[in-house]
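Visitor: Numbering (this note's numbering), first residue to last: 4 to 131. All residues carry an ideal CB built from backbone N, CA and C; glycine is no exception. Sharing a structure below in structure tokens format, with a few things to ask.
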Ligand code: SF4
């Protein structure tokens with residue numbers, strides 16, 4: 004398969020054509036739905052679009068809306084999410100590129116990236 008680009012990634016979506024099912028799922032259902040994301044070839048494109056366009060509902064790129072809010076709050080200055088997700092050496096970006104649940108709350112809470120938490124044990128900006 005050719006590398007999907009920013010314009011055509013949806014045709015490679017593993018969830019197609021059912022992505023809309025994830026938009027109104029409850030928390031337990033979202034966790035099940037997002038499992039397919041971690042094997043999706045366009046996950047980073049999907050997540051970048053959700054972050055850049057402010058998608059407020061559903062699972063996108065393997066993250067629930069709550070997880071995306073935490074990610075957005077962790078980097079209020081970020082505007083080029085696609086580039087950051089694709090190329091950044093930031094530990095959080097590397098974590099998000101891995102084909103598994105990034106456990107974003109635990110990652111930020113544990114202070115594995117002190118740039119976001121400000122200490123090794125205390126969350127910043129109400130990240131919970
Ligand atoms: S990452 Fe998940 S929600 Fe996004 S296109 Fe792939 S399967 Fe669908």
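Any chance the CB of residue 14 is under 7 Å from a heavy atom of the ligand SF4?
Guide: no
Visitor: Are the beta-carbon atoms belonging to residue 62 and residue 12 less than 8 Å from one another?
Guide: no
Visitor: Taking buried to mean at least 16 other C-beta atoms within 10 Å of its own C-beta, is residue 20 buried or exposed?
Guide: exposed
Visitor: Suppose you measure from the CA of residue 29 to the CA of residue 65; what does that come to, to the nearest Å?
Guide: 15 Å
Visitor: Distance, Cα to Cα, residue 75 vs residue 81?
Guide: 8 Å
Visitor: I'd like to confirm something about residue 140: is its beta-carbon nearer than 7 Å to some heavy atom of the ligand SF4, or not?
Guide: Nothing about residue 140 can be reported from this structure: the residues present for the chain run from 4 to 131 only.
Visitor: With a threshold of 7 Å (Cβ to nearest heavy atom), would residue 73 be considered close to the ligand SF4?
Guide: Residue 73: no, Cβ never under 7 Å from the ligand SF4.
Visitor: Report yes if the CB atom of residue 141 is closer than 8 Å to the CB atom of residue 88, and no otherwise.
Guide: The first residue shown for the chain is 4 and the last is 131, placing residue 141 beyond what the model contains.
Visitor: Going by the beta-carbon positions, is the gap between residue 26 and residue 73 smaller than 8 Å?
Guide: no
Visitor: Please report how far the alpha carbon of residue 58 lies from the alpha carbon of residue 22, in whole angstroms.
Guide: 13 Å
Visitor: Whole angstroms is fine: what's the gap from residue 41's alpha carbon to residue 104's?
Guide: 7 Å
Visitor: For my contact list, residue 38 and residue 85 are in at a C-beta cut-off of 8 Å; report their separation, rounded to the angstrom.
Guide: Wrong, their Cβ atoms sit about 23 Å apart, outside the cutoff.
Visitor: Check for me: the alpha helix (DSSP H) holding residue 46 runs from which residue to which?
Guide: 46 to 56
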